[in-house]
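Student:
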Amino acid sequence: MTTDLPADVMVPFAVHVDFQSGALTPDPVILRRSHADLAGYFVNESDAPGEDEMYAVHEIRVPATNNNLLSSTTVLQPGTVGGEYFMTKGHFHATRDRAEIYLTLSGQGLLVMALEDGTTQTKEMRPGIVNYVPGHWAHRSVNTGDVPLVFYAVYIGDAGYDYATIADQGFPVIVVEGEDGPEVVPNPRYTGR
Ligand code: PAN
Ligand code: ZN
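Numbering (the UniProt record's numbering), first residue to last: 1 to 193.
1) To which residues does DSSP link Val-176 through a beta bridge?
2) When burial is assigned at 16 or more other CB atoms within 10 Å of the CB, is Pro-188 buried or exposed?
3) Report buried or exposed for Phe-86, applying the criterion of at least 16 other Cβ atoms within 10 angstroms of its Cβ.
4) If we count Cβ pairs, one from each stretch, closer than 8 Å, do we get three or more for the stretch 39–59 versus the stretch 105–122?
5) Would you say Val-57 touches the ligand PAN, meaning its beta carbon is less than 6 Å from a heavy atom?
6) In whole angstroms, give me the CA-to-CA distance for Arg-96 and His-58.
7) In three-state terms, what does DSSP make of Gln-121?
8) Indicate the three-state DSSP secondary structure (helix, strand or coil) for Leu-70 in the structure shown.
9) Quickly, what does DSSP pair Val-29 with across the bridge? List them, please.
10) Hey, would you say Thr-155 sits closer than 7 Å to Glu-100, going by beta carbons?
11) Which of helix, strand or coil does DSSP assign to Asp-37?
12) For the stretch 124–176, list the alpha helix (DSSP H) runs that are entirely contained and at least 4 residues long, ordered along the chain.
13) Check whether the Cβ of Glu-100 sits closer than 6 Å to any heavy atom of the ligand ZN, and report yes or no.
14) Can we say the stretch 157–172 touches the stretch 71–85, given the rule of at least three CB pairs closer than 8 Å?
15) Taking Gly-109 as part of the beta strand (DSSP E), name the residues at either end of that continuous run.
16) Verify the CB distance criterion: does His-16 have a CB-CB separation below 7 Å to chain B?
17) Whole angstroms are fine: how far does the CA of Glu-179 sit from the CA of Asp-133?
18) Can you give the Cα-Cα distance for Val-150 and Leu-111, rounded to whole angstroms?
19) Given a cut-off of 7 Å on the beta-carbon distance, is the pair Leu-70 and Gly-157 in contact?
20) In angstroms, rounded to a whole number, what distance separates the CA positions of Glu-45 and Tyr-190?
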């Protein structure tokens, strides 16, 4: 029975996640990011970015408070722009110390993380891997494979997003297509410390 709950007690619920497509059922909210939304994020952008989707975030909506866990799937398409693999914008959490967990469901990629002092860490993403992103680390997912990279993320409800710092400064490293596969190299346009 779930009658007469106090105002701050939610009713339990369940959502189905399709590990291949990242689809949630029921699917409450989908945020789509096109190539044009990522304009300026890639170092070598030869063509004007179009409206094709680069990634989608399917979010399970709960109140964004520090007693809740928000979660979502991200479906990041494969491809490159000027030799750089398709990637998410990347962000610090607006509340800097908020941590996050990523569980990769399908595809393969790299999770690039950076502190504000320019220290970086890069970890593999593949099905079954749980990546722990501690607070204070900006994080960006990069699809280094030939199929969509799909992962499930869980984060503290009041983490929030600071996109501006990465949009302004870039990440200290970028992931490019090398002769023997992906290479993590310094970002020539990085303007942070
Ligand atoms: C993820 C990301 C998602 C999309 O849910 O928000 O993968 O990446 P951007 O937000 O950088 O565009 C997450 O880290 N949430 O906190
Ligand atoms: Zn995050």
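Heads up, the beta-carbon is just placed ideally off N, CA and C, and yes, glycines get one too. Quick caveat, the model's predicted, so the values are computed rather than measured.
Tutor: Per the coordinate set shown:
1) The count along the sequence shown starts at 1 and reaches residue 176 at position 176. Answer is Glu-84, Glu-183, bridged to Val-176.
2) As a working note, residue 188 is residue 188 in the sequence shown. Counting Cβ neighbours within 10 Å, Pro-188 comes out exposed, since fewer than 16 surround it.
3) In the sequence shown, the residue the question calls residue 86 occupies position 86. Classification for Phe-86: buried.
4) no
5) As a position in the sequence shown, residue 57 is number 57, starting the count at 1. Relative to the non-hydrogen atoms of the ligand PAN, the Cβ of Val-57 comes within a distance shorter than 6 Å of at least one.
6) Residue mapping note: residue 96 aligns to position 96 of the sequence shown, counting from 1. Residue mapping note: residue 58 aligns to position 58 of the sequence shown, counting from 1. Rounded to the nearest angstrom, the two C-alpha atoms are 23 Å apart.
7) To locate residue 121, count along the sequence shown from 1; it is residue 121. DSSP places Gln-121 in strand when its eight states are reduced to three.
8) Against the sequence shown, residue 70 aligns to sequence position 70. Strand.
9) For the purposes of this step, residue 29 is taken as residue 29 along the sequence shown, with counting starting at 1. Beta-bridge pairing links Val-29 to Glu-59.
10) In the sequence shown, the residue the question calls residue 155 occupies position 155. In the sequence shown, the residue the question calls residue 100 occupies position 100. The amino acid at residue 155 is misidentified as Thr; the sequence shows Tyr. Against a cut-off of 7 Å, the Cβ pair of Glu-100 and Tyr-155 comes out as a contact.
11) Counting from one through the sequence shown, the residue named residue 37 turns up at place 37. Assignment of Asp-37 by DSSP, reduced to helix, strand and coil, places it in the helix class.
12) Within the stretch 124–176, the complete alpha helix (DSSP H) runs of at least 4 residues are 164–169.
13) By one-based count along the sequence shown, residue 100 stands at place 100. Checking the Cβ of Glu-100 against the ligand ZN gives yes.
14) no
15) Against the sequence shown, residue 109 aligns to sequence position 109. Unbroken beta strand (DSSP E) run through Gly-109: 109–114.
16) Absent from the structure: chain B. Only one protein chain is present.
17) Locating residue 133 in the sequence shown gives position 133, where the first residue counts as 1. Locating residue 179 in the sequence shown gives position 179, where the first residue counts as 1. With the sequence shown as reference, residue 133 is identified as Val, and Asp is not the correct amino acid for it. Roughly 29 Å between the two C-alpha positions.
18) Counting from one through the sequence shown, the residue named residue 150 turns up at place 150. Counting from one through the sequence shown, the residue named residue 111 turns up at place 111. Going by the C-alpha atoms only, they are around 12 Å apart.
19) Start at 1 with the first residue of the sequence shown, and residue 70 comes out as number 70. Start at 1 with the first residue of the sequence shown, and residue 157 comes out as number 157. Yes; because the gap between Cβ atoms is below 7 Å, this pair is in contact.
20) Indexing the sequence shown from 1 puts residue 45 at position 45. Indexing the sequence shown from 1 puts residue 190 at position 190. If you take the alpha carbons of Glu-45 and Tyr-190, they lie about 16 Å apart.
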